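In this note's numbering, the protein residues as written are 76 to 422.
Every residue, glycine too, gets a C-beta built ideally from N, C-alpha and C.
These numbers come from a predicted model, not from an experiment.
See structure below.
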Amino acid sequence: MSETQRIAVIGAGVMGSDHARTIATKIHGAGLAAVADIDLGRAQALAAELGARFATANPAEVIGSDQVDAVLVASHDSTHTELVLACIAGGKPVLCEKPLALDLDDCARIIAAERSAGRRLVSVGFSRRFDPALVELKAALDAGEIGRALLAHAVHRNVSSDPSGDSASTVLNSAIHELDQTPWLFSSPVTEVSWHAPASTGLLPGRQDPQLLLIRTADGALTTVEVFVNAVYGYDVRLEVVGETGALALAHPAAVVRDTALTRHTSYPADWRPRYAAAYRAEVQSWVDAIRGTYDGSALADAVDGYRATAVAHAVIASMASDGRTVTVGYPHAELTPVAEPFAQGA
Ligand code: ISE
76 MSETQRIAVI GAGVMGSDHA RTIATKIHGA GLAAVADIDL GRAQALAAEL GARFATANPA
136 EVIGSDQVDA VLVASHDSTH TELVLACIAG GKPVLCEKPL ALDLDDCARI IAAERSAGRR
196 LVSVGFSRRF DPALVELKAA LDAGEIGRAL LAHAVHRNVS SDPSGDSAST VLNSAIHELD
256 QTPWLFSSPV TEVSWHAPAS TGLLPGRQDP QLLLIRTADG ALTTVEVFVN AVYGYDVRLE
316 VVGETGALAL AHPAAVVRDT ALTRHTSYPA DWRPRYAAAY RAEVQSWVDA IRGTYDGSAL
376 ADAVDGYRAT AVAHAVIASM ASDGRTVTVG YPHAELTPVA EPFAQGA
């Protein structure tokens, strides 16, 4: 199967709009068919701007439509479970933004439903896996360029954050990237975590910000993660991996260094979209290629990856609730294995 895929985007907020633009203008083998958003006006405006066939406030309408082949879910985190389950029930491949679900039992329900469907339908938007710089870093690590990895330092700073969030949502919505990135990078599952509170900014009342996480993987490596969602000065994501014979770090991604008036400076983006534009595009293209049967989809995070990241997030939140106690990460639904069948099978 390799016809052009008609994609619907659910959620016309910051990320949904960005993905819709990418699909409409940059993806080979796909087109934007529909937009759904609880705010009908917002859905209609985006659909009109990008030439999508229809807009609706009802996501069930796009999932059930015979004008739609596949669905990208970028609505509020709390809506993911039911939308992904509806896509599986309708036999439609779905790329769901992270987190796959806020609750571990919901992740398990999704995995079980996908297994009953008998083919790969679910992918999770862990877009870091497609960041060219991070992919290069992982390849160098895997090639043994720095020997065995011993530890890593990750930094994740946003300019500002949704004031309605809390300390737990920082973990489930933001740090979740590092909770997927770390085991993926080291090809080793997270075994234990602890959560720590530095002095907190006064600019985000009611929420611990920044937070410091320690993540141990089964290979023994220890990763520090600073997640600071109201860091004000710029969107800044860093990573350094220290090995037995060297270190690997992501360079500052700004393309231009300015030397003027006796100073040198580079700039930061205001949010993640410019920093990860290439990653989002590569991720969506890989997803479309996998649906069309021209790629096996192996780089895309699957439902089990989504489950594992949510499991680690809940261990971090348990540590948060107990003043930084080290928590062993349990994967209580261990019997749930990924769907082995490829995307295009039976399509
Ligand atoms: C947001 O949802 C993202 O995915 C960004 O990459 C991340 O930096 C931010 O913290 C999240 O809220």
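Option in the options with minimal Cα separation from residue i
i, options, result
"L160", "E319, T100, A208 and S198", "S198"
"Q360", "R348, W347 and A374", "A374"
"D241", "S275, E416, V110 and G104", "S275"
"A224", "G88, G106 and L212", "L212"
"A218", "A415, W362, A409 and L323", "L323"
"R313", "D294, F303 and L325", "L325"
"Q286", "A149, L226, M395 and E78", "M395"
"A183", "D206, T156 and Y370", "T156"
"G321", "A215, A187 and L147", "A215"
"V404", "R291, R350, L125 and P344", "R291"
"V234", "S269, R190, H151 and P344", "P344"
"A390", "T97, T335 and L177", "L177"
Under the three-state DSSP convention, the category residue i falls into
i, result
"I221", "coil"
"A293", "coil"
"D181", "helix"
"D93", "helix"
"E451", "Since the first and last residues shown for the chain are 76 and 422, residue 451 lies out of range."
"D311", "strand"
"R232", "strand"
"F201", "coil"
"G421", "The predicted position of G421 is uncertain, since its pLDDT is 43 and thus under 50; no value can be drawn from it."
"L325", "coil"
"I82", "strand"
"V379", "helix"
"G116", "helix"
"L337", "coil"
"G318", "strand"
Contact belief for residue i with residue j at Cβ below 8 Å, rounded distance in angstroms
i, j, result
"L175", "I163", "Contact flag wrong, Cβ pair sits at about 12 Å."
"G104", "T79", "6 Å"
"V169", "L125", "About 20 Å separates the two Cβ atoms, so there is no contact after all."
"I221", "A388", "Not a contact, Cβ separation roughly 28 Å."
"V363", "A227", "Incorrect: roughly 32 Å between the Cβ atoms, too far for contact."
Exposure label - residue i; buried when at least 16 CB within 10 Å
i, result
"G193", "exposed"
"L278", "exposed"
"Y382", "buried"
"E172", "buried"
"S153", "exposed"
"T401", "exposed"
"G200", "buried"
"T298", "buried"
"Y310", "buried"
"Y308", "exposed"
Same chain, Cβ closer than 8 Å to residue i, five either side skipped, listed in chain order
i, result
"V143", "R81, I82, A83, A108, A109, V137 and K167"
Contact set for residue i: own chain, Cβ-Cβ below 6 Å, skip 5 residues either direction
i, result
"A87", "V110, D112, R117, A118 and L121"
"Q256", "R203"
"P413", "D377 and V379"
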